[in-house]
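Under the numbering used here, think of the first position of the sequence shown as 80, with each following residue one higher. Glycine residues also receive a C-beta, built at the ideal position from the N, C-alpha and C atoms. Just so you know, these numbers come straight off a predicted model, no measurement behind them.
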Amino acid sequence: MISEYHAKYQSKSDDEIVKRAREKFNELTRVFSAAPLDTQSDPVEIAVMGCGDKRFVAHHKDMFARILARDVRVTTFDIEVNHLAGEENVVEHDCSTPLPGGPYDITFGHVVLPFLEPDKQLDMIQSGCNALKPGGIQIQTLDPMNYDDDEKTLPGLHKVKIGAIKNHTTSLGARVIEVPLDIGVAITIVHP
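Set out below in structure tokens:
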């Protein structure tokens, strides 16, 4: 059984998915310009935390490989994986708990945090940080409706308190870089 959210994604055309993948590529290009990856892994180990549609699995691998100009190995984690059936390296896992595998060079969530209760959001940030190699980065992208108190969020989603994320991660010794995007922001956490 596929959730209503994932069923909506599956109904999107391939052209729409390609358009969204192109937007993600541009966002990630901007992030890595502001916070270059400082690991030497070959391949680069990447944990994608949440994925709305199986067509993004291949796009994620392609995007990171092109941007980093290195071989990559992507593992996709999601709390529910029926919508990702048939794709490689997909693991059913609640990303607010410690990530299996790893350590990773990159942990990445694209508009995933608002799906979690506020306490679980910090748990997911912690999980993503704990799974990183020294010099690795966590990237969490957000739309304005996810964090701006003046914007209305969608039903069932929760606001993300960027200040709480910054305070939490800097208390761990990590550096936080807010990277402005065409629509929203990427919270980029650089592991010491």
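Give the single residue among the options whose Cα lies nearest to the Cα of residue i.
i, options, result
"His162", "Glu124, Lys133 and Gly252", "Lys133"
"Gly235", "Asn225, Val255 and Asp229", "Asn225"
"Val264", "Phe194, His247 and His189", "His189"
"Leu251", "Gly207, Val258 and His237", "Gly207"
"Pro271", "Val239, Ala243 and Pro213", "Pro213"
"Met142", "Phe156, Phe104 and Gly165", "Phe104"
"Val239", "Thr108, His172, Asp198 and Glu102", "Asp198"
"Ile241", "Lys231, Ala210 and Ile204", "Ile204"
"Asp121", "Arg254, Ala113, Ala144 and Arg99", "Ala144"
"Leu221", "Leu107, Ser90 and Lys87", "Leu107"
"Lys91", "Ala148, Glu102, Ala114 and Gly131", "Gly131"
"Ile262", "Leu233, Pro223 and Ser112", "Pro223"
"Arg152", "Pro177, Asp173, Glu159 and Gly181", "Gly181"
"His139", "Glu167, Pro179, Cys174 and Glu230", "Glu167"
"Ala148", "Gln119, Ala113 and Phe135", "Gln119"
"Phe135", "Ala113, Thr249 and Glu102", "Glu102"
"Thr154", "Gly129, Ile146 and Ser175", "Gly129"
Pull up the CB-CB distance for residue i and residue j, whole angstroms please, since I reckon it's below 8 angstroms.
i, j, result
"Ile268", "Ile216", "6 angstroms"
"Val127", "Asp150", "Not confirmed; about 16 angstroms, so no contact."
"Val258", "Val110", "5 angstroms"
"His62", "Leu201", "No answer is possible for residue 62: it lies beyond the span of the chain, which begins at 80 and ends at 271."
"Pro177", "Val170", "At roughly 13 angstroms, the Cβ-Cβ gap does not stay under 8 angstroms, so Pro177 and Val170 are not in contact."
"Ala210", "Tyr183", "5 angstroms"
Would DSSP call residue i helix, strand or coil?
i, result
"Val127", "strand"
"Ile262", "coil"
"Arg149", "coil"
"Val160", "coil"
"Val239", "coil"
"Glu166", "coil"
"Glu171", "strand"
"Glu230", "coil"
"Thr176", "coil"
"Thr108", "helix"
"Thr118", "coil"
"Lys347", "For the chain, the structure presents residues 80 to 271; residue 347 sits outside this window and is missing."
"Lys87", "helix"
"Ser92", "coil"
Going by the DSSP bridge assignment, what does residue i pair with across the sheet?
i, result
"Glu257", "Ile266"
"Thr155", "Val127 and Val169"
Which runs of the beta strand (DSSP E), 3 residues or longer, sit entirely within the segment 180 to 223?
-> 183 to 189 and 211 to 221
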